[in-house]
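These protein sequences, in sequence, are chains A and B.
In case it helps, the numbering used here puts the first sequence at residues 1 to 177.
In case it helps, the numbering used here puts the second sequence at residues 178 to 681.
Shown next, in structure tokens, is the structure this report addresses.
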Amino acid sequence: MRKLLFQSLFRQPLTEQAPRPDDAALAELAAMVSRTARRRLGRSLSIREVDAGSCNGCELEIHALSNAYYDVERFGIRFVASPRHADVLLVTGPVTNNMREALERTYRATPDPKWVVAAGDCARDGGCFAGSYAVVGGVSAVVPVDLHIPGCPPSPMAILRGLVGLLEAVDSGVAAK
Amino acid sequence: MPKLIDLIQAGRTVERHHPWPRAVVDGDAWRAAAGALADGGLSLLGLWGEPSCVHMAILDDHTSDIGVISLDCPDRRYPSVAAYHPPALRLERTIHDLFGLEATGTPDPRPWLDHGRWQMRFPLGERLDTSPPDAAPYQFLPAEGDGLHQIAVGPVHAGIIEPGHFRFTANGETVVRLEQRLGYTHKGVEGLMTGSTVEQAARLAGRISGDSTVAYGLAFAQAVEAAQQIAMPPRAVLLRALMAELERLANHLGDIGAICNDASFALMQAHCAVLRECVLRAADAAFGHRLMRDLVVPGGVARDIASDGPDAIRAALDQTRQHFPALVELYDNTASLQDRTVSTGIVTPALARQFAAGGYVGRASGRDHDARRKPGYLPYDGLRFDVPVLSDGDVNARVWIRIREVEQSLALAYQILAGLEAGPVRVSLQAATEPCEGIALVEGFRGDILAWLRLNGDRIERCHLRDPSWFQWPLLEAAIEGNIVADFPLCNKSFNCSYSGQDL
């Protein structure tokens, strides 16, 4: 373990190293998120993720936000364990009938001001599950949604971009509640 | 002890069911099959319904034969299999919820997927409209005694995971009983598939469990191709296997890190997540989608690998091969981590065998089964790989199975890349004139996925997909017994069962 930790001390961080075309975009996002988040919410944006019936694909990519390449915490964005601690609910999946009440109660348990981000194509309108006897529809059929992030599933970069979009809207007062 | 072949021969064989036989049997033969499952020697692969019949897929452990027996139930009831063989229980409860077919003699008539919120009962059978919410509270199994208390967890959990409810009964820190309640992500996939086109159904199949989208796509495609009796071009077969191994690799890497993270050892998670991301990026470069969704389609693959795809994948494989051994050493040599994983959450070999648990859950408990070997499918007969098996059955063993499978998948991916030759990657499906049925068993990272369907023209008349989690979730209830509550996340992650896959 010491060897691994020692190597990490001297290795360039992966976050900076990855030579990809959207490196510039990532750096830009980093600057933007920290500026807008700080103005509105101090230093942090706390997110509670709610799977309202997804296939788990969106969860995989939301998890990826925390890996060394995206390192979402450096922007001040944190995933929290309770809706009581959250500013944002990040909701995935078509809302199933069986999850409807749980989503409503999670929403009510989140203190104001709060924002809801619906991630993934299913969360917009139910996606390919729309019309099923077991599915209510998109997230906005159950709780008010401030932002949709498209994709099946959206890539980690798309989710990050979406959160920036939300912060900007919040900042300009459009979505403030 | 009846063999599978005897059971099949006792019934009327159904034509145009491929590649394994299906026979319509009578009630006595159905009961005999249930008894034979309980005696061992036969394993339950699946149990599913139609509006007025039930089907049971069975694996003969000795001969590795697979067959399906069906029982017509015009009076909407059939002899319970679970009365003899408990692994069938949740499947029977599901058949009742969806079709209204009653399992006579069932030890547990409670609903499973139906939470009383669909505004109807028996959505795939003879529908009964109901007005919500009239459901009585779900009755959990009782656990009584001095000093017992209950802990209710979910459906919304603390982490970024799928929804489900866990009801713990504990004595101090020790878990006396865990009862799961699932079904929260039930989306009615089988209902949506009924009457849909093959293309629509393939998209749905790829969205049953997001982490196994390739494996589900493959299982569905193989079942369609079996029904239509069409063979795949060699390049398509290899590209499918390449995607399947990349998916296995990415999931195992993610799991190894996440299990250690649930023992508060974040360093492993950080390193494994980097390797997982490399694999996903290579998949994106090669196939245009990080999770390779909608790429395996009936008839082949939706698109050929990008021209620079093989190099991108090789680079990711090289990086994993280079960095992974140090992580294995880290796992093996960290005593505080081993203290959490060794002898925690034990599944006995007898239980794994009884439930025919697939994947790392079965193989960590001595069940030597891998659908790539038995029944086997292309191209794995021409590839060299080992199927690791351990018998300890604890969290540690499930980690080690994953570690060994990472190594095997790396080796397989190299072999596949070396064997790729130019050629077509897709053939057109046929417009069948008569209804035909197909079945397939495909090894996903989590275990064997069963796909069964009946085609009528270009439409799906009925399709059933059975997730490996059906036979793994109940073992988690057994594994946690006698462990401390704080070890549940660790045990749960070492199983990593699918919620969406079993809820459908």
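C-beta: ideal position from N, C-alpha, C; glycine also.
- Looking at the DSSP output, A:Thr110 bridges to nothing.
- In the assembly as shown, B:Ser484 is an exposed residue. Its beta-carbon has fewer than 16 other beta-carbons within 10 Å.
- Counting along the chain, the unbroken beta strand (DSSP E) around B:Ala234 starts and ends at Cys230 to Asp237.
- Interface flag for B:His232 against chain A is unset, since no Cβ pair is found closer than 7 Å.
- What B:Tyr361 touches in chain A, judged by beta-carbon distance under 8 Å, is Gly53, Thr96, Asn98, Met99 and Ala102, going in chain order.
- With three or more CB-CB distances shorter than 8 Å, the region 496-506 of chain B counts as touching the region 440-457 of chain B.
- Counting the other CB atoms within 10 Å of its CB gives B:Val258 a total of 16 or more, which places it among the buried residues.
- The three-state secondary structure of B:Thr390, taken from DSSP, is helix.
- Of the residues A:Ser44, A:Pro153 and A:Arg105, the one whose Cα lies closest to the Cα of A:Arg78 is A:Ser44.
- With a cutoff of 7 Å on beta-carbon distance, B:Ala398 and B:Val473 are scored as near each other.
- Of B:Ala655, B:Trp647, B:Pro410 and B:Ala628, the smallest CA-CA separation from B:Pro196 is found for B:Ala628.
- Contact between B:Arg354 and B:His342 is absent: CB atoms are separated by about 14 Å, not below the 8 Å threshold.
- Each residue's CA atom was taken as its position, placing B:Asp571 and B:Asp664 some 12 Å apart.
- Distance from the CA atom of B:Val566 to the CA atom of B:Phe622, rounded to whole angstroms, is 15 Å.
- Taking a beta-carbon distance threshold of 7 Å, A:Glu73 does not count as an interface residue toward chain B.
- Put simply, the backbone Cα of A:Ala130 is about 10 Å away from that of B:Val366.
- Under the three-state reduction of DSSP output, B:Phe299 falls in the coil class, being neither helix nor strand.
- Counting only the Cα atoms, B:Gly559 lies some 45 Å from A:Met99.
- Residues of the same chain with a CB within less than 6 Å of the CB of B:Gly678, apart from the 5 flanking positions on each side, are Ile385, Ser386, Asp644 and Ser646 in chain order.
- Residues of chain B whose Cβ lies closer than 9 Å to the Cβ of A:His148 do not exist; the shortest such Cβ separation is about 18 Å.
- Apart from the 5 residues on each side of it in sequence, A:Cys122 sits with its Cβ closer than 7 Å to the Cβ of Ser54, Gly93, Pro94 and Phe129 in its chain, given in chain order.
- Within the same chain, Cβ atoms closer than 7 Å to the Cβ of B:Asn428 are found at Asp388 and Phe622, the five residues on either side in sequence being excluded.
- Listed by position along chain B, the residues whose Cβ is nearer than 9 Å to that of A:Phe79 are Gly336 and Ile337.
- In the DSSP assignment, A:Ala119 forms a beta bridge with A:Thr92 and A:Ile149.
- Beta-bridge partners of B:Ala329 (DSSP): B:Arg344.
- In this structure, B:Ala404 sits near B:Cys613, with a CB-CB distance shorter than 7 Å.
- Look at the region 564-593 of chain B: it has no residue with a C-beta under 7 Å from a C-beta of chain A.
- Cβ-Cβ separation between B:Ala529 and B:Glu620: approximately 16 Å, too far for a contact (criterion under 8 Å).
- Taken through DSSP and simplified to helix, strand or coil, B:Pro526 comes out as helix.
- Neighbours of B:Met297 across chain A, judged by C-beta separation under 8 Å: Tyr133.
- The DSSP-derived three-state label of B:Val353 is strand.
- Among the bridge pairs identified by DSSP, B:Cys613 is matched with B:Leu632.
- Take A:Glu61, set aside five residues on each side of it, and the residues of its chain with a beta-carbon closer than 7 Å to its own are Pro153, Pro154, Ser155, Pro156 and Ile159, in chain order.
- Assignment of beta-bridge partners to B:Val245 by DSSP yields B:Arg199 and B:Ala234.
- Taking C-beta atoms as the reference points, B:Gly476 and B:Val604 count as a pair closer than 7 Å.
- Inter-segment contact for the region 583-603 of chain B and the region 520-539 of chain B is absent: fewer than three beta-carbon pairs are separated by less than 8 Å.
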